[in-house]
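The block underneath contains the structure these notes are about, expressed in structure tokens.
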Amino acid sequence: MREIIHIQLGGCGNRIGSKFWKTITDEHCIDSTGIYYGQLDENFEGINVYFNEISRKYCPRAILVDLEPDVINTLHNDSFDKFFYSDNIICGKVGCGSSWSSGFYNDDTEVIDQVLNTIRKESELCDCLQGFQLTHSLLGGTGSGFGSLLIDELREEYPDRAMMTFSSLTSSETCEHLIEPYNIVLSIQHLIENIDATYFFDNETLHKTSSRTQTSPTYNDLNQLISTAMSGITTCFRFPDQINGDMQKLNNHMIPFPRLHFLMSSYAPIFSQNCIQNNSIPLYQLIEEIFDKRNMLMPCDLQQGRYLSATAIFRGRNMTIKEIYEHMLNLQTKVKNIKTTLCKIPLKDLEISSTLIGNHTSIQNLLKYFLEKFSTMFRRKLYVFGFCRSGMDEMEFTEAESNLRDLIDEYQEIQHGKTDRVSFYSYRLSDNNIMSVLKLEHLANEILYTIFDYLDGFHLIFAFRGLNSRFTSLINHIHLHINTTHCRKTDFNYLFDNIFPLTTNIFSLTISNKHTLGPIETFLNRHLDLIPHNQLNHLKLIDIDPQALNTFLKTILPKLTHLVSLNITNSITKFRYDLPLETINVSLPAFKYLSLSIEQNSYYPHVPFFNEHMLMHRMESILSTVTHLSLEYSPRDIVGLTLLFEKLNKIEYLQITLDIDDEVARAIGNPFISNSPLIRDHGQHLRSFIIQTGYHILFVEIAALLTHFPQLQILSLATQEFTHDIQFYDGQAWEKLIQTSLPRLTSLRLYIFVDYLSSNPVL
Numbered sequence: 001m002r003e004i005i006h007i008q009l010g011g012c013g014n015r016i017g018s019k020f021w022k023t024i025t026d027e028h029c030i031d032s033t034g035i036y037y038g039q040l041d042e043n044f045e046g047i048n049v050y051f052n053e054i055s056r057k058y059c060p061r062a063i064l065v066d067l068e069p070d071v072i073n074t075l076h077n078d079s080f081d082k083f084f085y086s087d088n089i090i091c092g093k094v095g096c097g098s099s100w101s102s103g104f105y106n107d108d109t110e111v112i113d114q115v116l117n118t119i120r121k122e123s124e125l126c127d128c129l130q131g132f133q134l135t136h137s138l139l140g141g142t143g144s145g146f147g148s149l150l151i152d153e154l155r156e157e158y159p160d161r162a163m164m165t166f167s168s169l170t171s172s173e174t175c176e177h178l179i180e181p182y183n184i185v186l187s188i189q190h191l192i193e194n195i196d197a198t199y200f201f202d203n204e205t206l207h208k209t210s211s212r213t214q215t216s217p218t219y220n221d222l223n224q225l226i227s228t229a230m231s232g233i234t235t236c237f238r239f240p241d242q243i244n245g246d247m248q249k250l251n252n253h254m255i256p257f258p259r260l261h262f263l264m265s266s267y268a269p270i271f272s273q274n275c276i277q278n279n280s281i282p283l284y285q286l287i288e289e290i291f292d293k294r295n296m297l298m299p300c301d302l303q304q305g306r307y308l309s310a311t312a313i314f315r316g317r318n319m320t321i322k323e324i325y326e327h328m329l330n331l332q333t334k335v336k337n338i339k340t341t342l343c344k345i346p347l348k349d350l351e352i353s354s355t356l357i358g359n360h361t362s363i364q365n366l367l368k369y370f371l372e373k374f375s376t377m378f379r380r381k382l383y384v385f386g387f388c389r390s391g392m393d394e395m396e397f398t399e400a401e402s403n404l405r406d407l408i409d410e411y412q413e414i415q416h417g418k419t420d421r422v423s424f425y426s427y428r429l430s431d432n433n434i435m436s437v438l439k440l441e442h443l444a445n446e447i448l449y450t451i452f453d454y455l456d457g458f459h460l461i462f463a464f465r466g467l468n469s470r471f472t473s474l475i476n477h478i479h480l481h482i483n484t485t486h487c488r489k490t491d492f493n494y495l496f497d498n499i500f501p502l503t504t505n506i507f508s509l510t511i512s513n514k515h516t517l518g519p520i521e522t523f524l525n526r527h528l529d530l531i532p533h534n535q536l537n538h539l540k541l542i543d544i545d546p547q548a549l550n551t552f553l554k555t556i557l558p559k560l561t562h563l564v565s566l567n568i569t570n571s572i573t574k575f576r577y578d579l580p581l582e583t584i585n586v587s588l589p590a591f592k593y594l595s596l597s598i599e600q601n602s603y604y605p606h607v608p609f610f611n612e613h614m615l616m617h618r619m620e621s622i623l624s625t626v627t628h629l630s631l632e633y634s635p636r637d638i639v640g641l642t643l644l645f646e647k648l649n650k651i652e653y654l655q656i657t658l659d660i661d662d663e664v665a666r667a668i669g670n671p672f673i674s675n676s677p678l679i680r681d682h683g684q685h686l687r688s689f690i691i692q693t694g695y696h697i698l699f700v701e702i703a704a705l706l707t708h709f710p711q712l713q714i715l716s717l718a719t720q721e722f723t724h725d726i727q728f729y730d731g732q733a734w735e736k737l738i739q740t741s742l743p744r745l746t747s748l749r750l751y752i753f754v755d756y757l758s759s760n761p762v763l
């Protein structure tokens, strides 16, 4: 059986999900205790898609998540919701204040770990997991921010499983929270990249639709309307003999271009819950209503734009597929590429009903609306500071805005018939249909290059076995940028066994032991002989083992004659103070960029964690050409920092992050310019100096920097507040400094950590 794991996030997502489960339990004849009471085989045949059987009772394959417990506790008091598996109900202690950044960069990492562990347990119970579906809102913090985080994690851990979301939002001019445009656009960024299909539901449109049958519809009525549409959409997965029998088949039809996967839906007939019984409409009227924009569950103008694809799902015993086709032919609205399916199991209390799923280009109007509101706020930097305090970078706003604008442009090009660029760049590669449909030897080199660029990493690994010799030889002329940070070890081995022997143009390479143990060691042991044949310019090693580092410095580094930059990043469990590093004697004429990032040894704070001067001594022969250095570590003495400058005779750009406070600075001697003549004397070529530290940098030290570094043009300092430095507040001292040294600077940035209320510094 092809199982689906349902995840509901936040207050809105849990309310919608609760309605959805009530709806489909009625359809599958399951009571509130999980007992199956149905008599027909068709009700039972697909029951395991959404339900687990435990001790002859059926429990929803659902995971309920919220960062604050109020909504879930309220729902759990309902007798119906007590048959959810208790271990699958996960609540945080503190909400995220309706902010995307607080949800995505949540301090309580236990919640996301607990959710992922629960998902792993559920997936292990599945015979053949086909994918995930999420119900959430893009307006609040949990559904938008935490939902985006969870989506990213799921896509990383389950890259080959289908994922769809039922996402609630609003196009109303009056926002419940002023930052809703930020939440929506930042979330859409992750929906674009990591979701296969997204079904939007607009609260404003739902309210107008419900108002046709009810005087004062509530959120409960709107959620019921969404859950009914969800029931219709998932009919294909839950009942036998359906054309679109699983998520992947439905997506293959509905989504011709992977990025254009934002779908709209409509439902008919729409009656009030109080008068739904004994209501029925003719089939021709049912078909007209599902194509009527008044029945759409999100705003759209069907007269502008066109359908890329559509699926009409009919339910009821009193009609045949032949009758449906005959009425569809008479439909005035001409919809190309539409599939029609019939399920004989009706919705509760209705003889016939229908759900329409449409991929229509008019959805760009809704996306434009959100983009305009987002851009208006972001240009004025409204509330941006609050987002950045939670851990965001301002660049994330720019990237989300740019990605959404590109998506709108793609919809516009499709709408106006300019499909060449979109259809090629967005062509679906998941079923290897490029490999099976096209004869590669008939394609121009430019097209082959583009195909190679747009193959994602997962399919890139398994694509080479079926390629012909021409494509195999072609990749030998492409500069490859390989990043295996999130690559499983089996995929890593396959990647290098199949790609490395075929090319001599690996331009940059990143290998990591962080998520999977052993790739660096495997690479060094199995592929060492292939290194000299490559034009490797950039290399990054993450969490390298001490012995592997020795091997690399002694055996491999001397062979990398084209190496320009090297980045070594290690965690607290990898480096040892007594590491017997080998001395290397080699000349790398092109080597200019060096980055070392070593975390503090929290287990043995009384000894130097990173013996930096030992490493500098071993690498002395290659440091003479370095012009750019980035260093992040926790020094326990001044020797390593001063020795570093002695070896770096040509240093021009220096960035240092020192994880020390005032107490450590006093203990080791202030590791700054005024107390380090060796650093001062060897900094004659320094043009850019960026330093971030946890202790107080004094005014006299800033002056020393500008005095002793005559070529300095860019200076950036991040330090503690100058509370006790009287000279820092002396206007005459600053005036003198400006007249003598500051005119030659092109950039001066001072970031001051101010702490008024607590011991935690705030930037």
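Numbering (UniProt numbering), first residue to last: 1 to 763.
Where a beta carbon is used, it is the ideal one built from N, C-alpha and C, also for glycine.
- By DSSP, does residue 702 sit in helix, in strand, or in coil? helix
- Query: Under a three-way DSSP split, which group does residue 135 fall into?
  - Reply: strand
- Message: Can you list, in chain order, the residues of its chain with a C-beta nearer than 6 angstroms to that of residue 398? Leave out the 5 residues immediately preceding and following it.
- Response: Cβ neighbours of residue 398 within its own chain (closer than 6 angstroms, five residues either side excluded): none.
- Cβ-based burial, residue 301 [other Cβ within 10 Å; buried from 16]: exposed
- DSSP three-state assignment for residue 250, whether helix, strand or coil: helix
- Query: Short check: CB of residue 283 to CB of residue 352, under 8 angstroms?
  - Reply: yes
- If we call anything under 8 angstroms between Cβ atoms a contact, is residue 123 one with residue 195? Taking 8 angstroms as the Cβ cut-off, residue 123 and residue 195 do not qualify as a contacting pair.
- Query: Taking residue 112 as the reference, which of 142, 379, 234 and 220 has the closest Cα?
  - Reply: 142
- Taking the alpha-carbon positions, what's the residue 413 to residue 407 distance? 10 angstroms
- Query: So, residue 655 versus residue 697, is the Cβ gap smaller than 8 angstroms?
  - Reply: no
- Would you give the residue range spanned by the beta strand (DSSP E) that residue 564 belongs to? Note, residue 564: premise wrong, no beta strand (DSSP E); not H, not E.
- Considering only the beta carbon of each residue, do residue 187 and residue 148 sit closer than 8 angstroms? yes
- For residue 238, count neighbouring C-beta atoms within 10 Å of its own C-beta (all shown protein chains included) and say buried if the count is 16 or more, exposed if not. buried
- Task: Take the Cβ of residue 20 as the centre, count every other Cβ of all protein chains shown within 10 Å, and call the residue buried at 16 or more, exposed below.
- Result: buried
- Near residue 457, which residues of its chain fall below 6 angstroms by C-beta distance, leaving aside the five closest residues on each side in sequence? At residue 457, the pLDDT of 49 sits below 50, so the modelled position is not reliable; the number obtained from the coordinates is stated separately. Taken in chain order, the list of residues that qualify is empty.
- Is there contact between the segment 256-267 and the segment 349-364, where contact requires at least three CB pairs shorter than 8 angstroms? yes
- Task: Have a look at residue 217 and residue 199 and give me their C-alpha separation to the nearest angstrom.
- Result: 22 angstroms
- On the premise that residue 202 lies in contact with residue 299, defined as a C-beta separation below 8 angstroms, what is that separation, rounded to the nearest angstrom? Rounded to whole angstroms, the Cβ separation of residue 299 and residue 202 is 6 angstroms, and the two are in contact under 8 angstroms.
- Alpha-carbon spacing of residue 211 relative to residue 293, whole angstroms: The alpha-carbon separation between residue 211 and residue 293 amounts to approximately 15 angstroms.
- Query: Once you ignore the five residues that flank residue 562 on each side, which residues in its own chain have a CB closer than 7 angstroms to its CB?
  - Reply: 535, 536, 537 and 590
- Query: Is residue 361 near residue 316, with beta carbons less than 8 angstroms apart?
  - Reply: The answer is no: Cβ separation not under 8 angstroms.
- With distances taken Cα to Cα, identify the nearest neighbour of residue 371 among 346, 133, 271 and 181. 181
- Which residues mark the beginning and the end of the alpha helix (DSSP H) in which residue 384 is found? 384-389
- Helix, strand or coil for residue 538, going by three-state DSSP, please let me know. strand
- Task: Measure the alpha-carbon distance for residue 557 versus residue 728 and round it to whole angstroms.
- Result: 46 angstroms
- Task: Can you grab the Cα-Cα spacing for the pair residue 221 / residue 375, in whole Å?
- Result: 33 angstroms
- Query: Could you check where the beta strand (DSSP E) with residue 416 kicks off and where it finishes?
  - Reply: Per DSSP, residue 416 is not a residue of any beta strand (DSSP E), being assigned neither H nor E.
- Item | Cβ pair residue 58, residue 97 closer than 8 angstroms | no
- Message: Within the continuous alpha helix (DSSP H) that includes residue 374, where are the two ends?
- Response: 363-379
- Task: Starting from the Cα of residue 115, find the closest Cα among 64, 107, 136 and 106 and give me that residue.
- Result: 64
- Task: Give me the Cβ distance between residue 270 and residue 209, rounded to the nearest whole Å; I'm assuming they're in contact under 8 angstroms.
- Result: 6 angstroms
- Message: Checking 8 angstroms against the spacing of the C-beta atoms, do residue 42 and residue 240 come in under that value?
- Response: Contact flag set, yes.
- If you drop the 5 nearest sequence neighbours on each side, which residues of the same chain put their C-beta closer than 8 angstroms to that of residue 388? 101 and 394
- Task: Report buried or exposed for residue 261, applying the criterion of at least 16 other Cβ atoms within 10 angstroms of its Cβ.
- Result: buried
- DSSP beta-bridge partners of residue 594: 566 and 629
- residue 293 in three-state terms, based on DSSP: helix
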